[in-house]
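Data block below; observations after.
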Amino acid sequence: MFPYLSAAIWIPILFGVLVLLVGNDRNPGAARLLSLAGALLGFIATLPLFTRFDGASADFQFVEKSVWIEPLSVHYHLGVDGLSVWFVLLTAFITVFVVIAAWEVIQDKVAQYMASFLILSGLMIGVFAALDGLLFYVFFEATLIPMYVIIGAWGGPNRVYAAFKFFLYTLLGSLLTLVALIYLYLQSGSFEIADWHALPLTMQEQVLIFLAFLMAFAVKVPMWPVHTWLPDAHVEAPTGGSVVLAAIMLKLGAYGFLRFSLPIAPDASQELSWLMITLSLVAVVYIGLVALVQADMKKLVAYSSIAHMGFVTLGFFMFNQLGVQGAIVQMISHGFVSAAMFLCIGVMYDRLHSRQIADYGGLVNTMPRFAALFLLFSMANCGLPATSGFVGEFMVILGAVQYNFWIALAAASALIWGAGYSLWMYKRVVFGAVANENVRQMKDVNRREFWMLTALAVAVLWMGLYPRPVTDMTDASVAKLLEHVAVSKIK
Numbered sequence: 030m031f032p033y034l035s036a037a038i039w040i041p042i043l044f045g046v047l048v049l050l051v052g053n054d055r056n057p058g059a060a061r062l063l064s065l066a067g068a069l070l071g072f073i074a075t076l077p078l079f080t081r082f083d084g085a086s087a088d089f090q091f092v093e094k095s096v097w098i099e100p101l102s103v104h105y106h107l108g109v110d111g112l113s114v115w116f117v118l119l120t121a122f123i124t125v126f127v128v129i130a131a132w133e134v135i136q137d138k139v140a141q142y143m144a145s146f147l148i149l150s151g152l153m154i155g156v157f158a159a160l161d162g163l164l165f166y167v168f169f170e171a172t173l174i175p176m177y178v179i180i181g182a183w184g185g186p187n188r189v190y191a192a193f194k195f196f197l198y199t200l201l202g203s204l205l206t207l208v209a210l211i212y213l214y215l216q217s218g219s220f221e222i223a224d225w226h227a228l229p230l231t232m233q234e235q236v237l238i239f240l241a242f243l244m245a246f247a248v249k250v251p252m253w254p255v256h257t258w259l260p261d262a263h264v265e266a267p268t269g270g271s272v273v274l275a276a277i278m279l280k281l282g283a284y285g286f287l288r289f290s291l292p293i294a295p296d297a298s299q300e301l302s303w304l305m306i307t308l309s310l311v312a313v314v315y316i317g318l319v320a321l322v323q324a325d326m327k328k329l330v331a332y333s334s335i336a337h338m339g340f341v342t343l344g345f346f347m348f349n350q351l352g353v354q355g356a357i358v359q360m361i362s363h364g365f366v367s368a369a370m371f372l373c374i375g376v377m378y379d380r381l382h383s384r385q386i387a388d389y390g391g392l393v394n395t396m397p398r399f400a401a402l403f404l405l406f407s408m409a410n411c412g413l414p415a416t417s418g419f420v421g422e423f424m425v426i427l428g429a430v431q432y433n434f435w436i437a438l439a440a441a442s443a444l445i446w447g448a449g450y451s452l453w454m455y456k457r458v459v460f461g462a463v464a465n466e467n468v469r470q471m472k473d474v475n476r477r478e479f480w481m482l483t484a485l486a487v488a489v490l491w492m493g494l495y496p497r498p499v500t501d502m503t504d505a506s507v508a509k510l511l512e513h514v515a516v517s518k519i520k
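Just so we're on the same page, my numbering is the position in the sequence shown counted from 1, plus 29.
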């Protein structure tokens, strides 16, 4: 079988290296064209994962395995199941938009900018495809480097502070995970994740391993109270950096819970579910209220991302099909919607060089096409039915009703806060009379921006109206995971 996963990982990475070699400040056109070619080829390489995926099977598919570090029994082992296949597709898809979004905006160090995103794309796909624990850890940690460079080199005035904060939070959180991985290797004699799933552990071992994984994955999601790096990173990052952070990188932590925490420490996961549900509800309710008072559009959408990811972790730890499946749907939907929201803010910033809500007003008069698209994405961000934002949240709430009515009621309040911060921001930015002369001079979206946002609008509506391809492909794997978690692994 053709190595589709290796192609999806290494095509963007190799094109990133090629862009660095060929592109330079005197030849930005070549860098842009090569970057677009690399992003498109990387996305095309992932399409067979969708067309040839067997949704009825919970087994890993498109498996590749070869010896990497023989003395330690470390393998270059790749594969996807229903828990991961959609995130490979989403990563490659979003990378295309990041390259297109930067086409005219980035004028300084174009080759380095594009190459950073291509390399980051390949590394993130590697995280979702890795079936060897050490390979996963290498990809997981390596994603920090390109994003650190992106924020630090092309970010705002406080970019160095934001880049350091992002790097230190996520790196320190991962150190305990490395200890847990080494412990699991010593217990099983293997770095195979599937072997770790079958490993019998005492409750004490499971709790310690669960907490070690929690340190890394909670920071990456990010969960309250280790979320403070995200608003700073979003505000300072360039538009493409914010898009990738929200749409993909937050999903790395959530995916870690599915692949590591729940199946390796199932008894501890159930024992500590109260903690995870409490932290998730705090994110959903409290962070939603924090988003309401933000004056910076990027910071508002950053806080809304934390609230939406609270739904994801809430769904995981109710241990029912609707909850877990809804959480996965929410992750994919959030990838589309958050990317679109940050791209819309980027469109406005490119014209006015401000993210402050108070600097806008009356945009519908000068940018009507943009206002229509921005309205759709704002509605999706607050969970309007028929948009992708509704499907996942509704499934998680239904799963919560099965688990505990009061938890469901608290989670459902997020729909109110979401409507509050999304629509209030939209009203102040778009409606009313033209606020000032700067807004009056703003031009509507050009052809590149229009088709970029329209493609994301189609994705949001398609998933909102017909989510069945997502649920069909995840159904068997979610059922297998829940069956695995239900069986005690206590030694």
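Don't be surprised by glycine CBs; every beta carbon is placed ideally from N, CA and C.
Tell me whether HIS382 sits in a helix, a strand or coil according to DSSP, three-state version.
coil
Out of curiosity, what's the CA-to-CA distance linking VAL319 and ILE386?
16 Å
So what does DSSP say about GLU133, is it helix, strand or coil?
coil
Locate the beta strand (DSSP E) running through LYS280, then write down its first and last residues.
Counting along the chain, LYS280 falls outside any beta strand (DSSP E), though it belongs to the alpha helix (DSSP H) covering 279-285.
Per-residue burial, MET176 [other beta carbons within 10 Å of its own, 16 or more giving buried]
buried
Our contact map puts LEU78 next to LEU49 with C-beta atoms below 8 Å; I'd like the distance itself, whole angstroms only.
Going by Cβ atoms, the distance from LEU78 to LEU49 rounds to 28 Å, so no, they are not a contact pair.
GLY181 to TYR432 span [Cα, whole Å]
44 Å
Roughly how far, in whole angstroms, is the beta-carbon of TYR389 from the beta-carbon of VAL468, given that I think they are within contact range, below 8 Å?
6 Å
Let me know if PHE434 comes out buried or exposed under the rule of 16 or more other beta-carbons within 10 Å of its beta-carbon.
exposed
At which residues does the beta strand (DSSP E) containing LYS94 begin and terminate?
90-98
TYR105 in three-state terms, based on DSSP
strand
Identify which residue in LYS94, PHE196, ASP473, ALA140 has its Cα closest to the Cα of VAL51.
ALA140
Which residues in the same chain as ILE179 place their Cβ atom closer than 6 Å to its Cβ, once the five residues preceding and following it in sequence are excluded?
SER145, GLY270
Can you tell me which of LYS94, MET143, ILE40, ILE73 puts its alpha carbon nearest to the alpha carbon of GLY58?
MET143
Measure the Cβ-Cβ separation of SER333 and GLY155 and say whether it is below 8 Å.
no
Please classify MET338 as buried or exposed, where buried requires at least 16 neighbouring CB atoms within 10 angstroms.
buried
So, is GLU19 buried or exposed, given that buried needs 16 or more other C-beta atoms within 10 angstroms?
Limits of the chain in this structure are 30 at one end and 520 at the other, which puts residue 19 out of reach.
What are the residues that DSSP puts in a beta bridge with GLU422?
According to DSSP, which records beta bridges pairwise, GLU422 is partnered with nothing at all.
Leaving aside the five residues before and after SER362 along the sequence, list all residues of the same chain whose C-beta is less than 7 Å from its C-beta, in chain order.
SER417, GLY418, VAL420, GLY421, MET492
Could you give the C-beta distance for PHE289 and VAL425, rounded to a whole number, given that I count them as a contact under 8 Å?
That pair is no contact at about 21 Å.
Using a Cβ-Cβ cutoff of less than 6 Å, which residues in the same chain neighbour ILE40 once the five nearest sequence positions on both sides are dropped?
LEU70, GLY71, ALA74
Under the assumption that LEU511 contacts VAL358 (Cβ atoms under 8 Å), give the Cβ distance between them as a whole number of angstroms.
With 8 Å as the limit, LEU511 and VAL358 do not qualify as a contact, their Cβ atoms being about 16 Å apart.
Segments assigned alpha helix (DSSP H), at least 4 residues, entirely inside the stretch 179-231:
188-217, 222-226
Do you know offhand how far ALA535's Cα is from MET481's?
Nothing in the structure corresponds to residue 535, since the chain is present only between 30 and 520.
Restricting to Cα atoms, I'd like to know which of TYR214, LEU112, GLY428 is closest to LEU228.
TYR214
Give the range of the alpha helix (DSSP H) segment to which MET143 is assigned.
139-158
Looking at the secondary structure, which residues open and close the alpha helix (DSSP H) in which ASP261 lies?
258-265
So, is ASP522 buried or exposed, given that buried needs 16 or more other C-beta atoms within 10 angstroms?
Since the first residue of the chain shown is 30 and the last is 520, residue 522 is not available in this structure.
Is the beta carbon of PHE220 sitting closer than 8 Å to the one on PHE157?
no
In chain order, what residues of the same chain lie with their CB nearer than 7 Å to the CB of ALA241, ignoring the 5 residues before and after it?
LEU205, THR206, VAL208, ALA209
Report yes if the CB atom of LEU381 is closer than 8 Å to the CB atom of MET454, and no otherwise.
no
For the alpha helix (DSSP H) holding ARG288, just list the boundary residues, first then last.
Here ARG288 belongs to no alpha helix (DSSP H), and DSSP marks it neither H nor E.
If you compare alpha carbons, which of VAL128, LEU107, SER383 is closest to ASP161?
LEU107
Determine the DSSP secondary structure at ASP83, reduced to helix, strand or coil.
coil
Find the nearest neighbour of PHE193 within the set ILE174, PHE365, GLU99, judged by alpha-carbon distance.
ILE174
Find out if the Cβ-Cβ distance for the pair VAL489, ALA369 is shorter than 8 Å.
yes
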